[in-house]
Amino acid sequence: MDHTEEIIIVGAGLAGLAVSVGLHRKGIRILVLESSDTLRAAGFALTVWNNAWRALDALGVGDSLRRHHLRLQTAVVSSASSASLVTKLTVKEHEVRCVRRNLLVEALAGQLPHGIIRYSSKVVAMEDSGESKLLHLADGSTLKAKVVIGCDGINSVVSKWLGLKPPTFSGRHAVRGFTVLPDGHGMKPELKHYNGEGFRAGVLPCDEKSVYWFFTWASNGEKETIQDGLMLKEFVLGKVKASEIPGQVVEIIEKCELSSSFRAFALLPLQGKRRQQLLLSFSAAAARRGNTVPLQLPSVHIGRNAYLFSSSPQISDAFHPMTPDLGQGGCLALEDGVVLARCLAEALCGGGNGEEEQNRRVEVALKEYEKARKWRAFRLVVGSFAFGFVQESGNWFLRLVRERLLPGFLVDRLFIAGSFDCGQL
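This is the structure:
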């Protein structure tokens with residue numbers, strides 16, 4: 160217990176790996192603790208926009224991923240009620256691809272030397288230990304670190320230690336699936352969305368033989384969603400078959416295997432006062448209690464202070480509190496990994512080497528990080544919830560807005576959200 164790690168990252172999901180790769184490329188010693196016994200590469204796919212490709216390029220894995228995924232050319236939105244075309248936008252200068260999550264996670268993990276990720280290392284508690292943090296693991300062992308970065312998801316031990324409140328139910332559910340068609344799907348390289356009354360569906364090709372699809376719907380009051388795969392599949396197929404969604408989309412859902420490629424989730428966004436608190440309490444410092452910020456914000460701990468930074472949308476196969484309506488959850492995690500690694504590296508590699516001086520530099524760096532990321536996180540979290548609410552609403556006025564008055568404007572929000580440049584390491 161005499162040894163103290165420089166930086167411990169809790170969680171080897173997308174956000175944890177992004178931060179880890181960034182810090183490693185800057186020459187910072189790190190240790191990553193992952194509760195699973197292997198890399199969590201299972202999952203579906205995610206839409207990777209311009210902002211995330213810039214981050215992936217900075218992390219050194221962009222080109223290897225491009226080779227395996229189609230570049231989407233257009234975004235098409237249609238009415239699921241009338242089959243009419245609502246809007247069609249050419250992607251043009253935007254680089255948008257649907258990337259298989261397992262390939263993304265494996266590419267990031269492949270940038271780290273053997274031994275940096277310590278598997279079967281579940282953190283169950285943490286406490287102050289002088290100017291460091293003491294982490295208690297499930298096997299009874301303990302580790303001490305100067306800096307702890309929490310990327311351990313919705314049920315985060317790090318966030319629980321801070322006293323943060325759990326996310327709230329959004330009133331919407333989602334199903335995601337991944338269908339592999341050995342003979343090819345024959346789809347154009349298009350992002351297709353279908354807006355219905357109280358639901359929304361979409362399909363995106365990943366490559367010539369695989370398609371990612373989703374279906375989201377408004378809740379009738381129930382907070383629990385269907386978990387039985389067969390019942391869930393029948394529910395979704397019943398909805399899409401009763402609409403004017405094309406038969407090709409129905410076939411893709413029908414051919415999706417009832418396995419880990421077909422799951423449902425209750426969406427957990429920020430609501431009401433908590434959205435305000437994301438803006439007002441973003442840097443939630445030493446108190447550790449009483450501050451309520453969204454649990455998709457991993458936490459950085461230094462000495463007796465705690466600083467929050469925006470990241471980690473989808474750490475595992477469960478949705479984080481930021482709803483996925485803008486397709487920016489994973490992208491935001493990659494952005495934050497690059498920015499946080501840059502800020503910490505500048506603090507840890509420069510100036511004097513005394514512990515007190517180093518802590519001061521890290522504190523300044525995290526405040527700079529907060530300043531750079533606060534509004535970005537706030538706009539995406541709130542904007543994603545609002546975007547999904549308008550797109551899925553069965554209200555006649557909101558339907559008029561999305562299909563007649565401002566269809567192009569709403570879809571353009573997707574591209575604006577994805578145009579951010581996080582910079583280099």
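First residue of the sequence shown: 160, per this note's numbering; consecutive thereafter.
Using N, Cα and C, we set each Cβ at its ideal position, and we do this for glycine too.
If you're wondering where the values come from, they're calculated on a predicted model, not measured in any experiment.
{"Asked": "Contact set for HIS227: own chain, Cβ-Cβ below 7 Å, skip 5 residues either direction", "Found": "LEU262 and ASP366"}
{"Asked": "C-beta contact flag for GLU557 and PRO364 at 7 Å", "Found": "Residue 557 is actually Leu in this sequence, not Glu. No; because the gap between Cβ atoms is not below 7 Å, this pair is not in contact."}
{"Asked": "Distance cut-off 6 Å: ARG184 Cβ against heavy atoms of the ligand ADP", "Found": "This structure simply doesn't include the ligand ADP, nor any ligand for that matter."}
{"Asked": "Cβ-based neighbour list, VAL250, same chain, cut-off 7 Å, excluding 5 preceding and 5 following", "Found": "LEU231, GLN232, THR233 and ALA234"}
{"Asked": "Selection from ALA401, GLY274 and VAL236 that minimises the alpha carbon distance to ARG188", "Found": "GLY274"}
{"Asked": "Contained beta strand (DSSP E) runs [length at least 3] in the stretch 255–338, N- to C-terminal order", "Found": "256–259, 282–288, 291–296 and 301–309"}
{"Asked": "Euclidean distance between Cα positions of SER458 and SER543", "Found": "Any reading at SER458 must be qualified, since the residue scores a pLDDT of 41, below 50, and its modelled position is unreliable; no value is offered."}
{"Asked": "contact_flag[the stretch 240–260, the stretch 203–211] where n(CB pairs < 8 Å) is 3 or more", "Found": "yes"}
{"Asked": "Secondary structure of TRP534, DSSP reduced to three states", "Found": "helix"}
{"Asked": "Contact check, ASN210 vs GLY577, beta carbons under 7 Å", "Found": "yes"}
{"Asked": "Cβ-Cβ separation, LYS281 to GLU164 (assumed contact under 8 Å), whole Å", "Found": "Between LYS281 and GLU164 the Cβ distance is about 17 Å, and since that is not below 8 Å, they are no contact."}
{"Asked": "According to DSSP, residues forming a beta bridge with THR206", "Found": "CYS257"}
{"Asked": "CB of TRP372 within 7 Å of CB of GLY336, strictly", "Found": "yes"}
{"Asked": "Boundaries (first-last residue) of the beta strand (DSSP E) holding ALA201", "Found": "Neither: ALA201 is in no beta strand (DSSP E) and is coded neither H nor E."}
{"Asked": "Three-way DSSP call (helix, strand, coil) for HIS228 in this model", "Found": "coil"}
{"Asked": "Environment of LEU417 [buried if 16+ CB atoms lie within 10 Å]", "Found": "exposed"}
{"Asked": "Closest residue to ALA521 among ALA536, THR197 and CYS502 (Cα-Cα distance)", "Found": "For clarity, residue 521 is Val in the given sequence; the question names Ala instead. Of the listed residues, the one whose Cα sits closest to VAL521 is CYS502."}
{"Asked": "Span of the beta strand (DSSP E) around ALA377", "Found": "369–377"}
{"Asked": "Identity of the residues DSSP links to PRO364 by a beta bridge", "Found": "VAL370"}
{"Asked": "Spatial distance of LEU192 from GLU514 (CA atoms)", "Found": "24 Å"}
{"Asked": "Euclidean distance between Cα positions of LYS292 and VAL283", "Found": "13 Å"}
{"Asked": "N- and C-terminal bounds of the alpha helix (DSSP H) containing SER237", "Found": "Careful: SER237 lies outside any alpha helix (DSSP H), inside the beta strand (DSSP E) at 233–238."}
{"Asked": "Reduced DSSP category for PHE358 - H, G, I as helix; E, B as strand; rest coil", "Found": "strand"}
{"Asked": "Cβ-based neighbour list, HIS253, same chain, cut-off 8 Å, excluding 5 preceding and 5 following", "Found": "TRP208, ASN209, PHE574, GLY577 and SER578"}
{"Asked": "Residues near PHE374 in its chain [Cβ-Cβ closer than 6 Å; skip 5 each side]", "Found": "VAL334, ALA360 and VAL395"}
{"Asked": "Meets three-Cβ-pair contact criterion under 8 Å: the stretch 166–177 and the stretch 482–498", "Found": "yes"}
{"Asked": "For LYS392, three-class secondary structure by DSSP", "Found": "helix"}
{"Asked": "Sequence-distant residues of the same chain with beta carbon closer than 6 Å to PRO538, five excluded per side", "Found": "Reading off the sequence, residue 538 comes out as Arg, not Pro. Nothing meets the Cβ criterion."}
{"Asked": "Alpha-carbon spacing of LEU437 relative to LEU224, whole angstroms", "Found": "Legend: pLDDT at LEU437 = 39, less than 50; position of this residue unreliable, value from coordinates given subsequently. Looking at the two C-alpha atoms, the distance is approximately 33 Å."}
{"Asked": "Exposed unless 16 or more other CB atoms sit within 10 angstroms - verdict on ASN354", "Found": "buried"}
{"Asked": "Assigned secondary structure, ILE189 (DSSP; H/G/I helix, E/B strand, else coil)", "Found": "coil"}
{"Asked": "Exposed unless 16 or more other CB atoms sit within 10 angstroms - verdict on ALA443", "Found": "Here ALA443 scores only 33 on pLDDT, less than 50, and its place in the model should not be relied on; the value that follows carries that caveat. It is buried - the Cβ of ALA443 has at least 16 other Cβ atoms within 10 Å."}
{"Asked": "Spatial neighbours of ALA214 in its chain, beta-carbon cut-off 6 Å, leaving aside the 5 residues before and after", "Found": "LEU493, GLU494, VAL497 and CYS581"}
{"Asked": "LEU340 versus LYS368: straight-line alpha-carbon distance, rounded", "Found": "5 Å"}
{"Asked": "Straight-line gap, ASP571 to GLY309 (C-alpha atoms, nearest Å)", "Found": "33 Å"}
{"Asked": "Environment of LYS305 [buried if 16+ CB atoms lie within 10 Å]", "Found": "buried"}
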